[in-house]
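One structure is given below, encoded as structure tokens.
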Amino acid sequence: MGSLDLQERERLVEALSITARAFEREADEALFGSIEAYAENPLAGLPEEAQKLADRAQRQLTKALRSREEADDQALWKDYLDAGYAELFLGVSTDPIAPFESVYRSTEKTLYSKQYFAIADLMKEVGFAKPQDFAEPEDHLAMELALYVKLNRDADAAAKRGDEQEARQLFAFAQVLKEDHLDKWVGQACDDLIAHDDSNGFYSGMANLAKAVLLVL
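Numbering-wise (this note's numbering), the sequence shown opens with residue 3 and increments by one.
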């Protein structure tokens, strides 16, 4: 399971799960609560490059949440954040990005290229299904991160109960996902999110946190 101990892995996986949720749909109170809990005990002791990203994410998310607390009209603040999500993830922008592996990696830069089918097949093989109310393709950034979270959580759970064979198999699936998919496009996608972010740093913080975790996990 690599050089990380189980507790370290669980903290990294939990942090990544927050980013997956943030990229899936507009923020809600549950997400804000998860971020606040994370901010009280952020990632520490990471390798230098990863720690710099995690620290930057911490500053950005803390600033964004502080602006929420200080807003005269929190409903208006939330509308502004939702508009930022729409610009980044729903194409409501004059210069939209498309957070899909197939768009980033295919020669044609189009949806439903071979990368999509590879991810869809992997999800089916490991029994992962995207939420029924999530209309985007399976190779969306949020879904690939959510799959990586699930595989790591399931591998850790198997290790805890002493099922080393199951743990190794799940970890192998996770490594295939990371090496054949995530490592090949998520860093660039996160950089593009940061470059296009107009959410007072909220989604930039999420992108930097995802990058930090994926350098280590």
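A virtual CB, placed ideally from N, CA and C, is assigned to each residue, including glycine. All values reported here derive from a predicted model rather than from experimental measurement.
Nearest neighbour of residue i, chosen from the options [CA to CA]
i	options	result
E10	F34, A32, N43, R23	N43
I99	D194, L216, E51	D194
L92	S69, A148, E138	E138
A73	E26, V218, N202	N202
G47	G35, R13, Q76	R13
E89	A174, R27, E140, I37	R27
L55	A169, A32, C192, V178	C192
P101	S69, A209, I37	A209
A174	T96, T21, K132, Y150	Y150
Residue i versus residue j: straight-line alpha-carbon distance, rounded
i	j	result
A144	G164	30 Å
Q167	R155	15 Å
E71	S19	24 Å
T2	V105	Missing from the structure shown is residue 2; the chain here goes from 3 to 219 and no further.
K65	L83	13 Å
Q53	V218	10 Å
F119	Q76	41 Å
M3	A159	With a pLDDT of only 47 at M3, under 50, the local geometry of the prediction cannot be trusted, and the value read off the model is given with reservation. Rounded to the nearest angstrom, the two C-alpha atoms are 12 Å apart.
Q304	G129	Examination of residue 304 is not possible in this model, given that the chain is present from 3 through 219 alone.
A29	A148	16 Å
H157	S69	According to the sequence shown, residue 157 is Ala rather than His. Roughly 38 Å separates the two Cα atoms.
Y87	P49	30 Å
W79	K213	26 Å
Rounded distance between the beta-carbons of residue j and residue i, thought under 8 Å
i	j	result
L211	A176	Going by Cβ atoms, the distance from L211 to A176 rounds to 19 Å, so no, they are not a contact pair.
A41	Q60	7 Å
Q117	D141	6 Å
K186	R107	6 Å
S22	L45	The sequence given here has Ala at residue 22, not Ser. Incorrect: roughly 16 Å between the Cβ atoms, too far for contact.
Residue interval of the alpha helix (DSSP H) (run including residue i)
i	result
E110	Taken as a continuous stretch (DSSP letters only), E110 belongs to no alpha helix (DSSP H), as it is neither H nor E.
G203	Unbroken run through G203: none, as it is neither H nor E.
F173	166–179
T21	8–26
L90	76–91
F34	31–42
Outcome for residue i when other beta-carbon atoms lying within 10 angstroms are tallied against a minimum of 16
i	result
V94	exposed
K126	exposed
R58	buried
S5	exposed
The ligand ZN heavy atom lying under 6 Å from the CB of residue i
i	result
V128	The ligand ZN is not part of the structure shown, which contains no ligands of any sort.
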